Amino acid sequence: MLAGSKFNKDIMARSARGGYTNATDLADYLAGKGLPFRDAHEVAGRTVLYCLSQKCALEDLSLEQLRQFSNLIEADIYQFIDINACVARRSIPGGPAPATVRKAIQEANEWMVKMKNDDQQI
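Under the UniProt record's numbering, the letters of the sequence shown match residues 1 to 122, in that order.
This is how it looks when you write it as structure tokens:
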């Protein structure tokens, strides 16, 4: 079924940008700067609410706008909330990082070959 599937990368990228999936990365960034995660989560939530009211994505906000929510935010924030970087950091088993997905596909292919070989031995 997947062999014949076609994916529209542009639509997928737009959907990822508009979903605020990088809000957790904003909270992680702030926690990494020393803000307790509970507070960092609250800042990220307020920032998302602002973005919703402005009809924009987190990464569309200027540094000045982002700093209205926390003075811990610096120019390096954009490296943390970039959607591609967010996905790449999710390298846990089952996560969406490209290397993780490639490994899962390889393991699935190996499993299918094994199952096919096992069927032929019966």
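C-beta: ideal position from N, C-alpha, C; glycine also. Predicted model, so just to flag it, every value in this text is computed and none were measured.
- Query: Using a Cβ-Cβ cut-off of 8 Å (strictly less than) and excluding sequence neighbours within five positions of Leu35, which residues of its own chain qualify?
  - Reply: Val43, Ser70 and Leu72
Sequence-distant residues of its chain with Cβ nearer than 7 Å to Ala57 (five each side left out): Arg17, Gly18 and Cys51
| Best match in Trp111, Gly4 and Ile83 for proximity to Asn22 [C-alpha to C-alpha] | Residue Ile83 is the option with its Cα nearest to Asn22.
I think Pro98 touches Ala88, with their Cβ atoms under 8 Å apart; what is that distance to the nearest whole Å? 7 Å
* Given Val48, which residues of its chain have a CB within under 8 Å of its CB, disregarding the five upstream and five downstream residues? -> Tyr20, Ala23 and Leu58
- prompt: With distances taken from CA atoms, which of Met112, Val113 and Gly94 is nearest Ala104?
  reply: Gly94
Subject >> Own chain, CB closer than 6 Å to Ala40, minus 5 neighbours either side, in chain order >> reply: Ala27, Leu30 and Ala31
message: Taking 8 Å as the threshold (C-beta atoms), are Arg90 and Pro96 in contact?
response: Yes, Cβ-Cβ distance for Pro96 and Arg90 is below 8 Å.
- Task: For Ile77, name the three-state secondary structure that DSSP assigns.
- Result: helix
- Message: Looking at Phe80: is its Cβ nearer than 8 Å to the Cβ of Asp119?
- Response: Asp119 sits away from Phe80, with the two beta carbons spaced by 8 Å or more.
Ile122 burial status per 10 Å Cβ neighbour count (16 or more: buried): Any answer about Ile122 is weak, because its pLDDT of 48 lies below 50 and its placement is not dependable; what the coordinates show is given next. When all chains shown are included, Ile122 counts as exposed.
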